[in-house]
Structures are given as C-alpha cells and as structure tokens.
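Peer 1: Position 42 of the sequence shown, counting from 1, maps to 109 under my numbering, and the rest follow consecutively.
C-beta: ideal position from N, C-alpha, C; glycine also.
These figures come from a predicted structure and were not determined experimentally.
Here it is, the structure in full.
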Amino acid sequence: MADALLPDFTTWLLAMVRVVAMLAFAPAFSAQTVPVTVRLYLAVAIGAVMGAQILPAPPPQFATVGLYMPAILRELAFGAIIGFGVGLLFEAVRFAGDVLDVQVGLAQATALDPTTQNQAAIISRASYFVALVLFLQLDGHHWLLAGLHRSFELIPLGAPVMAAVFLTDLAFGFIARVVPQMNVFLVGIPAKLMVGLGGAEYFGSPAGIYCGTATRGYARAHERTGAADGGRVESL
C-alpha cells in the first residue's frame, strides 16, 4: 500500500514545494501581514489541487533520497522565479513612487509599510497599494495561479536537467576516486556543459513553442483590433 502511494506523494510534495516558493515571492501572497501558518495552509491546499490535476502524468522516479534532493531544489528555484518575476512588476511601481517622492520632497516623510515591515515614503506606499488593488481587481491572482498550473505542463515535476548534471558530478566524483591520475576538472567542465545545455535544449523547447504561439496569437489579435478600429474610423 505504501509503495503504491509513494509516487503520488512524491508528485504532491514536489508540487507543494514549487507552490511554497512561488507564494514566498508573489505579490499579495508574500505580504508580512499574512500569517505564516495561513500561507503554509494555502500552499498545502494549492499544492494538493495542482498535484491532483497532474497525477495522471507519469510520476517522477527517484532511486534514493540523494537523487530526490536536486528535484526539490529545482522546484524551489522554479517557484521562486515565477513569484519573483511577478513581484518585479510591483517593485518597479514602488521604485517609481520612490523617485517621485524624492522629486516632490516627500522622501523624508516615511512610515511603516505593513507589507514589508520597512519604512517607505508616502507616494511609494500609495502607488504600491494602488497597483496591488488593480492586480486583485483584474484577477491577477487568478492569472498567477493559472500560470503556475501551466508551468507544470511546460516544466514537468522532476524534469531531469539538474538531476542529469548532478549525476554527471556524481559520476566524475566516482571516477576521481577510482582513477586519481585523471584530471577530472578539465574533463568535467565540458561534460557538464554539454549535459546541461543538451537538457536545457530538450526540455526548454516546449516553453519556446508556447512563447512563440502566444506571441503569434497576440500579433493576430492586435491586427484584428487595428482592422476593427480602422473600419470604425472610416465609417465616421
């Protein structure tokens, strides 16, 4: 029974790790005013839902716990990249507010920002909260969760790019112990480079296809919008 449930538990745990990392950096979810327990329960719930939806796919297989750790670190990195990428937009708004505070002379009028527990100027805080309200009003949090779900399709759980590099390191470590005369450093660098780039090309191709499809779809929508606007202008 336990052996049958282990692959499902592995999938759920990796999904939850990616969700936890995303919530740690994503706007609205990562605010200091949100208790850690609430964020943890939210991550467990979202991870359970995401894991249940991707369970029909073949679960990642790991022979030992040592091979499982690189996959966990990789999911942490992917989740952090997703949350941090969205958070950069809000940091740009906050930075624009900081610049405006300096220009109008309000840089010294600071107060505690409850979302970051740091001192922030008036316009900077106001612009950040306005951007956050717009983000929630426009269902940005729904888009963020949809993008997270899409990431599991583009970048499957435990995809073996980093695992392959880790196994390459492990193999060269074994070779260094067996054949001490071999210069593992000079041989290992190009080997790891070939493994890493080859894996990135193989597993990154779905992301490139998706970005190309999305770009072409946006271009077609823009052309249709321009044609419709041109028709309305001619009718006027």
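Could you tell me the distance, in whole angstroms, from the CA atom of LEU203 to the CA atom of MET136?
Peer 2: For the purposes of this step, residue 203 is taken as the residue at position 136 of the sequence shown. For the purposes of this step, residue 136 is taken as the residue at position 69 of the sequence shown. Those two C-alpha atoms are separated by around 35 angstroms.
Peer 1: Going by Cα to Cα distance, which pick from VAL103, VAL86, ALA93 is closest to ILE113?
Peer 2: Along the sequence shown, one-based indexing puts residue 113 at 46. For ILE113, the nearest C-alpha among the options comes from VAL86.
Peer 1: Please state whether DSSP places GLN204 in a helix, a strand or coil.
Peer 2: Taking the sequence shown and counting its residues from 1, one reaches residue 204 at position 137. Reduced to three states, the DSSP call for GLN204 is helix.
Peer 1: Using a 10 Å radius around the Cβ and a threshold of 16 neighbouring Cβ atoms, would you call LEU81 buried or exposed?
Peer 2: Locating residue 81 in the sequence shown gives position 14, counting from the first residue. Flag for LEU81 reads buried.
Peer 1: Flag this pair as touching only if the region 203–221 and the region 146–153 have three or more C-beta atom pairs under 8 angstroms; answer yes or no.
Peer 2: yes
Peer 1: Contact between the region 150–166 and the region 188–202 is defined here as three or more beta-carbon pairs at a separation below 8 angstroms; is this criterion met?
Peer 2: Touching, yes.
Peer 1: Considering only residues of the same chain and omitting the five flanking positions on each side of ASP168, which have a CB-CB separation below 6 angstroms?
Peer 2: Position 101 of the sequence shown, counted from the first residue, corresponds to residue 168. Answer for ASP168: ALA174, ALA188, ILE190, SER191, listed in chain order.
Peer 1: Taking DSSP as the reference, what is the three-state secondary structure of GLN186?
Peer 2: Along the sequence shown, one-based indexing puts residue 186 at 119. Reduced to three states, the DSSP call for GLN186 is strand.
Peer 1: Taking the alpha carbon of MET49 as the point to measure from, which residue in LEU212, GLN170, ASN250, ALA243 has its own alpha carbon closest?
Peer 2: With the chain running from 68 to 303 in the structure shown, residue 49 is simply not present.
Peer 1: Given this structure, state the Cα-to-Cα distance separating VAL101 from VAL153, to the nearest angstrom.
Peer 2: On the sequence shown, position 34 is the one that residue 101 refers to. On the sequence shown, position 86 is the one that residue 153 refers to. Taking the straight line joining both Cα atoms gives about 18 angstroms.
Peer 1: Return the CA-CA distance between TYR277 and GLY164, expressed in angstroms with no decimal places.
Peer 2: Within the sequence shown, numbered from 1, the residue matching residue 277 stands at position 210. Within the sequence shown, numbered from 1, the residue matching residue 164 stands at position 97. Bear in mind that a pLDDT of 49 at TYR277, under 50, signals an unreliable position, so the number given afterwards is only what the model happens to contain. One C-alpha to the other measures close to 34 angstroms.
Peer 1: Beta-carbon separation of MET83 and VAL111 under 8 angstroms?
Peer 2: Locating residue 83 in the sequence shown gives position 16, counting from the first residue. Locating residue 111 in the sequence shown gives position 44, counting from the first residue. Result yes, Cβ atoms of MET83 and VAL111 sit closer than 8 angstroms.
Peer 1: Please state the DSSP three-state secondary structure of PHE96.
Peer 2: As a first step, residue 96 must be located in the sequence shown, where it is residue number 29. The answer is coil: DSSP assigns PHE96 none of H, G, I, E or B.
Peer 1: Are the CB atoms of ALA115 and TRP79 nearer to each other than 8 angstroms?
Peer 2: If you number the sequence shown from 1, residue 115 lands on position 48. If you number the sequence shown from 1, residue 79 lands on position 12. Yes, the pair counts as a contact, with Cβ atoms nearer than the cut-off.
Peer 1: So, at 7 angstroms on beta carbons, what are the nonlocal neighbours of GLY207 in its own chain, with the 5 sequence-adjacent residues on each side left out?
Peer 2: Against the sequence shown, residue 207 aligns to sequence position 140. Listed in chain order, the non-local C-beta contacts of GLY207 below 7 angstroms within the same chain number zero, local neighbours out to five positions each way being set aside.
Peer 1: Can you look up VAL86 in the DSSP assignment and give me helix, strand or coil?
Peer 2: As a working mapping, residue 86 is identified with position 19 in the sequence shown. Helix.
Peer 1: Can you give the Cα-Cα distance for GLY214 and GLY172, rounded to whole angstroms?
Peer 2: Taking the first residue of the sequence shown as position 1, residue 214 is located at position 147. Taking the first residue of the sequence shown as position 1, residue 172 is located at position 105. Using only the alpha carbons, I get a separation of about 40 angstroms.
Peer 1: Nearest-angstrom Cα distance between LEU156 and PHE92?
Peer 2: In the sequence shown, residue 156 corresponds to position 89, counting from 1. In the sequence shown, residue 92 corresponds to position 25, counting from 1. Taking the straight line joining both Cα atoms gives about 12 angstroms.
Peer 1: Mapping the DSSP letters down to three states, classify VAL101 as helix, strand or coil.
Peer 2: As a working note, residue 101 is residue 34 in the sequence shown. VAL101 falls in the coil class under three-state DSSP.
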